[in-house]
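Each remark here refers to the structure printed beneath this line.
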């Protein structure tokens, strides 16, 4: 079935863009198209003016990071998880990233799929790992859904600061998380009904 209808979205090279709407409106479908997991039946997804299909997966993934509410953490040390994102990551970079997600006092070793820590801690570690990856495009799909309010505020502040240099796309049900966005797409029934800054939409 058709999920998206007449959707046209542009995500700038720098800045924070948010996609909001009720569950089932098409937000996650947009994310899956952006990361190359889904292909459109009609229309196209372009990156840098080129159709996404013309860019190799390896090349594209070297520039994009996607963090969702169910991001996997591997059965290894915290450092080993960071090294998957950046091979020669320094201790200073790891601690700086852990500070940015309010997790500097975290444990050193985690069990299979991090099941000895809370869902919120796992999400914060996944966020920290992706911050170290230093990509050009970051997609956060409900990435703070299990995180406490205090930590979430710290993370969103750092995500907004990062958008000065990166293209940041945030999908969230929490209004407070999207208020700072430069542009917000409001979706309903697979369509973009409105777009603009929070002040414009209000």
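Residue numbers (the working numbering): 1186 to 1387.
We put the beta carbon where it would ideally sit given N, CA and C, even for glycine.
Does the beta-carbon distance from residue 1206 to residue 1379 come in below 7 Å?
-> no
Next item on the list: Have a look at residue 1217 and residue 1252 and give me their C-alpha separation to the nearest angstrom.
Entry: In a straight line, the C-alpha of residue 1217 is about 12 Å away from that of residue 1252.
Would residue 1370 pass as a contact of residue 1201 if the rule is Cβ separation under 7 Å?
-> Cβ atoms of residue 1370 and residue 1201: not closer than 7 Å.
_Quick check on residue 1293: does DSSP put it in helix, strand or coil?_
Since pLDDT at residue 1293 reaches only 47, below the 50 mark, its modelled position is unreliable, and the value read off the structure follows with that caveat. Coil, per DSSP.
Can you give me the Cβ contacts of residue 1211 inside the same chain, cut-off strictly under 7 Å, excluding the 5 residues immediately before and after it?
1188, 1189, 1372 and 1375
Review point. Are three or more beta carbon pairs between the segment 1310-1323 and the segment 1251-1271 nearer than 8 Å?
Key: yes
Exercise. Decide if residue 1362 is buried, meaning its Cβ has at least 16 other Cβ atoms within 10 Å, or exposed.
Key: So residue 1362 counts as buried.
Next on the checklist: Once DSSP output is grouped into helix, strand and coil, what is the label at residue 1260?
Outcome noted: coil
Since residue 1212 is in the alpha helix (DSSP H), which residue starts that stretch and which ends it? 1212-1219
Give me, in chain order, the residues of the same chain whose beta-carbon lies closer than 8 Å to that of residue 1347; leave out the 5 immediate sequence neighbours on both sides.
1316, 1323 and 1353
request  = Please state if the CB of residue 1192 and the CB of residue 1377 are separated by a distance shorter than 7 Å.
outcome  = yes
Could you pull out every residue in the same chain whose Cβ sits closer than 8 Å to the Cβ of residue 1344, ignoring the five residues on either side in sequence?
1201, 1323, 1325, 1353 and 1355
- Message: Whole angstroms are fine: how far does the CA of residue 1385 sit from the CA of residue 1359?
- Response: Distance from the CA atom of residue 1359 to the CA atom of residue 1385, rounded to whole angstroms, is 18 Å.
Using the three-state DSSP reduction, which class does residue 1355 fall into: helix, strand or coil? strand
If residue 1351 sits next to residue 1321, beta carbons under 8 Å apart, how far is it from one beta carbon to the other, in whole angstroms? Contact flag correct, Cβ pair sits at about 6 Å.
Please report the straight-line C-alpha distance between residue 1306 and residue 1332, rounded to a whole angstrom. 7 Å
- Can you give me the start and stop residues for the alpha helix (DSSP H) that residue 1362 sits inside? 1360-1363
Looking only at C-alpha atoms, which of 1263, 1271, 1227 and 1277 sits nearest to residue 1250? 1271
- prompt: What number of angstroms, rounded off, separates the C-alpha of residue 1197 from the C-alpha of residue 1319?
  reply: 17 Å
*Can you tell me the Cα-Cα spacing of residue 1364 and residue 1330, whole angstroms?*
16 Å
*Grab the span of the beta strand (DSSP E) containing residue 1373 for me, first residue to last.*
1368-1373
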